[in-house]
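Quick notes on the structure that follows.
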Amino acid sequence: MKYYYLLPLLALLTFHLAIAQDSPKKPLIGISCSHPEDYSSVRMTYTESVIKAGSIPILIPVTENEKTLEDIVSLLDGLILTGGEDIHPNYYNEDPI
1 MKYYYLLPLL
11 ALLTFHLAIA
21 QDSPKKPLIG
31 ISCSHPEDYS
41 SVRMTYTESV
51 IKAGSIPILI
61 PVTENEKTLE
71 DIVSLLDGLI
81 LTGGEDIHPN
91 YYNEDPI
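Under UniProt numbering, the first residue of the sequence shown is numbered 1, with each subsequent residue one higher.
Here it is as structure tokens:
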């Protein structure tokens, strides 16, 4: 059996990977801020981890303006939602540690 369709597919994949590796654009990762008082903040470990992963952290401020949030999120390649309570492992079919 001859696989004529594999050669163009392989060429396309190779081209895509070459472009992706040469691209200077780093992914933009949004990090939701918390609001302990009257300001927006985030722990440095979040931003440092995103930078170590080769991405650019974008802090998402605490706001009720939905349009602003939509505009920010539309620019992102990924999102980290910070804070909140721990979820008990039983809810995702795991045993507690």
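Heads up, the beta-carbon is just placed ideally off N, CA and C, and yes, glycines get one too.
Bear in mind that the values here come from a model prediction, so they are computed numbers and not experimental data.
Inset, instruction - Compute the Euclidean distance between the alpha carbons of Cys-33 and Leu-69, then round it to the nearest angstrom. - result: Position 33 of the sequence shown, counted from the first residue, corresponds to residue 33. Position 69 of the sequence shown, counted from the first residue, corresponds to residue 69. Rounded to the nearest angstrom, the two C-alpha atoms are 12 angstroms apart.
Legend entry - Proximity to Asp-86 [Cα-Cα], best of Asp-77, Asp-71 and Ile-97: Reading the sequence shown from its first residue, position 86 is the one you call residue 86. Out of Asp-77, Asp-71 and Ile-97, Ile-97 has the C-alpha closest to the C-alpha of Asp-86.
Legend entry - Cross-strand partners of Gly-30 (DSSP beta bridge): In the sequence shown, residue 30 corresponds to position 30, counting from 1. The partner list for Gly-30 (beta bridge, DSSP) reads Ile-58 and Leu-79.
Legend entry - Three-way DSSP call (helix, strand, coil) for Ser-40 in this model: Locating residue 40 in the sequence shown gives position 40, where the first residue counts as 1. Reduced to three states, the DSSP call for Ser-40 is coil.
Inset, instruction - Keeping to the same chain, check which residues put their C-beta closer than 6 angstroms to that of Ile-56; ignore five residues upstream and five downstream. - result: As a working note, residue 56 is residue 56 in the sequence shown. Excluding sequence neighbours, Ile-56 sits near Lys-26 and Leu-28.
Inset, instruction - Compute the distance between the beta-carbons of Pro-24 and Ser-40, then report whether it is under 7 angstroms. - result: Position 24 of the sequence shown holds residue 24. Position 40 of the sequence shown holds residue 40. Taking 7 angstroms as the Cβ cut-off, Pro-24 and Ser-40 do not qualify as a contacting pair.
Inset, instruction - Drop a sphere of 10 angstroms on the beta-carbon of Ile-51, count the other beta-carbons inside from all chains shown, and report buried for 16 or more, exposed for fewer. - result: On the sequence shown, residue 51 is found 51 positions in, with the first residue counted as 1. Exposed, by the Cβ-count rule.
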